[in-house]
Amino acid sequence: MASIRFIHSADLHLGSPFSGMKGLDAEQWKILQNSTLAAFERLISYTLETGPDFLLIVGDVYDGEDRNLRAQHRFQQGMEQLHKAGIPVFLSHGNHDHLSGGAASFDLPANVHVFQDRVENVTLTVGGATVKIAGFSYGRRHITESMIEHYPVKETGVFQIGMLHGSEESDTEHAMYAPFRKEQLLDKKYDYWALGHIHKRQQLSLDPPIVYPGNLQGRHRKESGPKGFYEVVLTDGHAELEFIGAEAVCFERIEVDCSGVQHMNELFSVAKEQIEAHDAEALVAELELQNLDEATIHMLEDIPDGELVYALREALSNPRRFVHISTVQLDKKGLSSELSPFGKQLASRLESWEAGDWKQALKELYNHPKSGRFLPQLNSGLQEDLQAEAIAKIRKMMALEEQR
Ligand SMILES: [Mn+2]
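According to the UniProt record's numbering, the sequence shown is numbered sequentially starting from 1.
This is the structure in structure tokens:
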């Protein structure tokens, strides 16, 4: 029975600048800045070690239209290594690295097939089996029209793979690129759909597989957990997928169970345990402190802004391992039932306030001839901050006495 083995990767985002990150030390910053390239090196070394029939890269090789020169050079070198090993690469560019980006570019070796801006169905032969791979590159930044009708239906007797960088029509969370419906993909009768664009790893269908491998390296807190690529074996009518981790730095939200914690030293030690139990070699963690009792929440709220995160960052740092605490959040669920009825009323009134209500309440302050011009703009972010602070104050002042 014929069988093929390949690697499916997407969204490499080489040269991602990590511009929003703060508070890392110099060494960590260097590792983070280099992380997309380090993850790419892992993709290349895994491919060289395991020698698949071919490698797919489904869009967004580069993070920016300018295609960072150093990233291009490393990419070109990776492709050369695969060329020497005789491993073909199929590459389609996505919305981040579309073909009209005015970038100086490196010439890629002959093993790399770069799809152009129209759907093309390329044929190759793998150990007697015929494999067809259909795909296209983004000719420009935005491809809002559907591209799926340009993909041919599978012929009999071949392995047909589709490469598509885009999102489902029903996906309202992401900007619409080359939209498709799952049924449209299924109608093409392909053996495997290699998708790209959505950075969260997921399978829209198991049989046949319609797969987003996710990006190779998380770029911020929302791109959390292990990141990598899939190794796929297709045998007539059957697919086997294995996820292979590649990220150099892992973003993670870590819940810390603070039940029974009353003093700061206890808090630091439960947080330390959680961090040490995590197996990422380099970790950027958001801590969420859970199951805090009321007294502990009040103790933590009295700490001036930022001091808790700085102290935890220092306490949890480890000379042998990259650990960075980006934020610390308090889960305040423990408080809701302890407010007095009047306190509850006040808090829920504040929660319902809209922009106009905030303007009205702060009118005098903002119109004040001396103070007004020093105040930040009253936008939705500031309103949220004020609301959270006010509710925290109400909770603190109006908790039922007997439950303290
Ligand atoms: Mn992308």
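No residue lacks a Cβ here, since even glycine has one placed at the ideal position from N, Cα and C.
Note that the C-beta distance between G59 and H83 is not below 9 Å.
Annotation for M299: the continuous alpha helix (DSSP H) segment containing it runs 294-301.
In this structure, R42 is the residue among L365, R42, R5 with its C-alpha nearest to the C-alpha of Q217. In this structure, F40 keeps its C-beta atom at 9 Å or more from the C-beta atom of H73. In terms of Cβ geometry, V114 and K132 do not form a close pair [threshold 9 Å].
Ligand 1 approaches D60 closely enough that one of its heavy atoms is under 8 Å from the residue's Cβ. Secondary structure at W193: strand, using DSSP grouped into helix, strand and coil. As the crow flies, the alpha-carbon of I87 is around 7 Å from that of G51. Under the Cβ criterion (8 Å, minimum of three pairs), the stretch 379-386 does not count as touching the stretch 315-334. Excluding residues up to 5 positions away in sequence, E169 lie with their Cβ nearer than 6 Å to the Cβ of R181 in the same chain. With a cut-off of 8 Å, the C-beta of N68 is classified as distant from ligand 1, since no heavy atom of the ligand falls inside that distance. Each of T235, S352, N111, E80 was checked against the Cα of A2, and the nearest Cα belongs to T235. Under the DSSP assignment, K344 falls in the alpha helix (DSSP H) whose first and last residues are 341-351.
Rounded to whole angstroms, the Cβ separation of R221 and E286 is 6 Å, and the two are in contact under 8 Å.
Secondary structure remark: continuous alpha helix (DSSP H) runs of at least 4 residues inside the stretch 35-106, in chain order: 35-50, 69-84.
I244 and P226 have their alpha carbons spaced roughly 9 Å apart. Taking a contact as a CB-CB distance under 8 Å, the pair R219 and S16 counts as one, their CB atoms being some 5 Å apart. Around the CB of Y151, 16 or more other CB atoms lie within 10 Å, so the residue is classed as buried. Within 10 angstroms of the beta-carbon of P208 lie 16 or more other beta-carbons, which makes it buried. Remark: the C-beta of D293 is outside contact range of ligand 1, defined as less than 8 Å to any heavy atom. Cβ contact annotation for L375 (same chain, cutoff 8 Å, sequence separation greater than five): L365, Y366, in chain order. A distance below 7 Å between beta-carbons, with the five flanking residues on each side excluded, links Q33 to the following residues of its chain, in chain order: F18.
Between Y190 and G162, the C-beta spacing is below 9 Å. Cα atoms of V126 and L292: separation of roughly 59 Å, rounded to the nearest angstrom. Spanning the alpha carbons of H368 and A355 requires a straight line of approximately 19 Å. According to the DSSP assignment, N367 belongs to the alpha helix (DSSP H) that extends over 363-367. Look at A285 here: in three-state DSSP terms it is strand. In the three-state reduction of the DSSP assignment, V328 falls in the strand class, which pools E and B. A distance below 9 Å separates the beta carbons of V89 and V112. Look at G64: its beta carbon is at least 8 Å from all of the heavy atoms in ligand 1.
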